[in-house]
Amino acid sequence: MERIRIAKPWISNLEISYVQDAVSNGWGEKCYTYIKKLEKRFSEYLGIKHAVATSSCTGATHMALVAMGVGAGDEVIIPETTWISCASAVIYAGANPVFVDIKEDTWCIDPDKIERAISPKTKAIMPVHIYGNVAEMNEIMDIATKHNIQVIEDPAEALGAEYYGRKVGSIGGCGVFSFHGTKMATSGEGGMFVTNDDELFNKFSVLHDQGRVSEEKRMFFPHHIGYKYKISNLQAALAYAQIERIRELIQKKKEIFNWYSQSFSNFDNVKLNYQQKYAKCCYWMPILIFDKPINIDQSGGLIEHLDNHGIDSRPFFYPLSSLPMFPKQQQNSVAYDLCKRAINLPSPFCITKEEVNYVSKMVMSFLNNSN
Ligand SMILES: Cc1ncc(COP(=O)(O)O)c(C=O)c1O
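Here it is, written out as structure tokens:
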């Protein structure tokens, strides 16, 4: 059996034909064709007014924060459990991340704990729709409105997930997505900024174009210090094909998740991603939660055991405040607890039902032997 990778995209002939077209013809007057097509298709899919493609989600987040007016000394509330890029982007903007604990069931920021983290310096809240799950946006938007704070959604891991029928990323003031190679839809590396807010879109567009403003008729005459976080037409061709196929991609992830659900259904000491009643999870990554802490990432732990059997897996995100760069915030107890008893299971688009059963068998054999 070939090694089972944590994630791999699904590249069909459509992706290959668009990339071939972009590399053969996408130059000169056609050098932005696929970028424009991608942005239009993405905004239609999300049901949002503006979409701007970027070189990464991290870059999109950084520019979005600057466009929102987040700067030196400000604070941005982010979940304790997420990828480091959320904190990095806040710090690139000159501000400080404030970590708030997550919910036991959704693994997204806990709205009940947000208000006590708000200070006069708080400029924004960044809910992250983690592992395809959905943050409680109604509660978050209410808090933001009450305190006059902006909301930037991060659905990098949840493209296609829905909250009360609305696609995540289209609910807050703006949203940021990732097209990294492990994500639901990929361009290799890439990202997307989305918003319904014309003013924010205009500010973002100026920053995205090295500070050039549309009224300026002289070439190479920027009015501001901007950024270079652009996607290439070649990458956009790949992402465009993926977005054309997005429903098929999500359907496949759901099928893989259902295989895992069946496979683990006879075991009551583990559970998989929680399906919220008001939301449609996109099942980007299956997560297995154990009922008590186990050795996950140390020598002799589950990750090593799976690795020895040809299976890639990943730890649940470590709490950001447990990383060496930040002061520890162990009061964020849900985040500190979950990472000791959860693991990311592989879900490359090419995984088979037999391979899923094999992964489950190897997880259970580890648990049985370590009991
Ligand atoms: C929740 C979350 N936000 C942001 C990012 C950053 O995306 P990118 O690698 O495109 O910058 C990631 C990537 O892994 C992510 O998982």
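Numbering (my numbering), first residue to last: 113 to 483. No residue lacks a Cβ here, since even glycine has one placed at the ideal position from N, Cα and C. Bear in mind the structure is a predicted one, so any value in this text is a computation, not a measurement.
In this structure, how does DSSP classify residue i when only helix, strand and coil are distinguished?
i	result
Ile214	strand
Glu127	helix
Asp254	helix
Lys149	helix
Ser374	According to the sequence as given, residue 374 is Gln; it is not Ser. Gln374: helix per DSSP, three-state reduction.
Pro209	strand
Val202	helix
Ala270	coil
Val182	coil
Ala447	helix
Asn381	coil
Thr173	helix
Glu192	coil
Pro223	helix
Asn456	strand
Ile118	coil
Glu248	coil
Lys366	helix
Lys235	strand
Gln262	strand
On the premise that residue j lies in contact with residue i, defined as a C-beta separation below 8 Å, what is that separation, rounded to the nearest angstrom?
i	j	result
Ser282	Val306	7 Å
Phe154	Ser433	Phe154 to Ser433, Cβ: 33 Å. No contact.
Trp219	Ile242	5 Å
Ser375	Val468	6 Å
Tyr386	Asp217	5 Å
Gln388	Val246	6 Å
Leu177	Ala205	4 Å
Asn345	Cys169	Actually they are not in contact, since the Cβ atoms of Asn345 and Cys169 sit about 19 Å apart, beyond 8 Å.
Gly183	Ala207	7 Å
Ile358	Ala297	6 Å
What I want to know is whether the C-beta of residue i ends up closer than 7 Å to one or more non-hydrogen atoms of ligand 1.
i	result
Thr193	no
Ala297	no
Ala268	yes
Val202	no
His292	yes
Ile118	no
Thr170	yes
Ser411	no
Ile355	no
Gly303	yes
Ile242	yes
Ser197	yes
Between the alpha carbons of residue i and residue j, how many angstroms are there, rounded?
i	j	result
Ser459	Met397	6 Å
Gly422	Arg115	5 Å
Ile406	Ala348	42 Å
Val475	Leu414	7 Å
Thr193	Asp266	12 Å
Glu301	Ser167	6 Å
Pro431	Cys451	8 Å
Glu269	Ile355	15 Å
Asp449	Thr294	26 Å
Asp309	His259	19 Å
Ile368	Val318	41 Å
Pro334	Thr234	30 Å
Asn314	Met180	11 Å
Leu312	Tyr470	48 Å
Lys279	Gly244	12 Å
Ile261	Asp424	40 Å
Thr457	His336	What sits at residue 457 in the sequence shown is Leu, not Thr. About 45 Å.
Lys340	Val164	13 Å
Phe428	Ala454	6 Å
Leu350	Lys148	13 Å
Tyr146	Gly303	14 Å
Pro439	Pro191	15 Å
Ser197	Ile264	14 Å
Answer with yes or no whether the minimum CB distance from residue i to chain B is below 8 Å.
i	result
Tyr157	Looking at the structure shown, chain B is missing, and only one protein chain is on hand.
*Mind listing, in chain order, the continuous beta strand (DSSP E) runs of no fewer than 3 residues lying wholly within the segment 274-359?*
As far as the segment 274-359 is concerned, its whole beta strand (DSSP E) runs of at least 3 residues are 286-290, 303-307.
*Any chance you could list the alpha helix (DSSP H) runs of at least 4 consecutive residues sitting entirely within the segment 375-439, in chain order?*
Unbroken alpha helix (DSSP H) runs of no fewer than 4 residues, entirely contained in the segment 375-439, are found at 414-420, following chain order.
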